[in-house]
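A.B. asks: Numbering (full-length UniProt numbering), first residue to last: 1 to 203. Just so it is clear, CB atoms sit at the ideal spot from N, CA and C, and this is done for glycine as well. Keep in mind the model is a prediction, meaning the values are calculated, not measured. The structure that follows is given in the form of structure tokens.
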């Protein structure tokens with residue numbers, strides 16, 4: 001699909017398994033200095049080394065659900081989980097945990113802790129969950145984040161579905177508020193940074 005706004009003309013498509021490296025690179029560029037990523041892996045050099053592999057694991061988990069998107073210029077990506085879905089089947093959890101341990105090593109405990117923290121604070125009402133949305137820093141300010149959001153939010157509105165995410169910075173929170181998300185809570189990772197729970201009711 002091709003979506004146009006006043007700042008950019010870009011095509012957004014569903015990402016396939018072959019897009020793993022591109023999407024992981026975008027997520028690394030977009031989140032490397034994010035407060036939550038810094039908390040997960042405090043050492044900057046180590047964070048830069050393992051981030052592509054870590055984001056690759058998350059891409060592998062989300063992509064089979066069919067709601068992972070990439071801009072045609074490879075500058076932006078978004079990973080959604082549809083309502084009523086579990087990210088991983090019970091028989092996949094152990095393997096995923098092993099892979100996290102292999103990639104994150106001594107920082108794996110924080111990765112697991114963050115996942116449990118998000119699960120404990122997730123709304124019970126069915127919703128689309130935007131787990132990750134990133135745009136390469138040198139492409140930010142062109143409206144690509146909005147382009148990545150618009151089509152799925154339009155689809156959600158058509159069928160009466162809500163959407164949810166956790167914003168990790170005030171700048172990100174402002175982006176989502178422009179798309180009619182409302183802040184429903186501020187949560188703080190234990191000994192870590194705050195996040196803002198953002199909820200969007202269907203329009």
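Enumerate, from N- to C-terminal direction, the unbroken alpha helix (DSSP H) stretches of 4 or more residues contained entirely within the region 154-188.
C.D. replies: Here the runs fully enclosed are 170-178.
A.B. asks: Short of 6 Å in beta carbon distance, which residues of its chain neighbour residue 196, apart from the five on each side in sequence? Order them along the chain.
C.D. replies: 167, 173, 183, 186
A.B. asks: Could you tell me the boundaries of the beta strand (DSSP E) in which residue 12 lies?
C.D. replies: 9-14
A.B. asks: Less than 7 Å separating the beta-carbons of residue 147 and residue 10?
C.D. replies: Closer than 7 Å, so yes.
A.B. asks: Is residue 170 near the ligand MG - that is, is its Cβ less than 6 Å away from at least one heavy atom of it?
C.D. replies: The ligand MG is absent from the structure shown, which contains no ligand whatsoever.
A.B. asks: Tell me residue 40's beta-bridge partners as DSSP assigns them.
C.D. replies: Partner residues in a beta bridge of residue 40, as assigned by DSSP, do not exist.
A.B. asks: Quick check on the DSSP output: what are the complete beta strand (DSSP E) runs of length 3 or more inside the region 30-78, in order along the chain?
C.D. replies: 68-71
A.B. asks: Write down the C-beta distance between residue 76 and residue 16 rounded to the nearest angstrom, noting that I regard them as a contact closer than 8 Å.
C.D. replies: Actually they are not in contact, since the Cβ atoms of residue 76 and residue 16 sit about 16 Å apart, beyond 8 Å.
A.B. asks: Specify the secondary structure class of residue 87 as computed by DSSP and reduced to three states.
C.D. replies: coil
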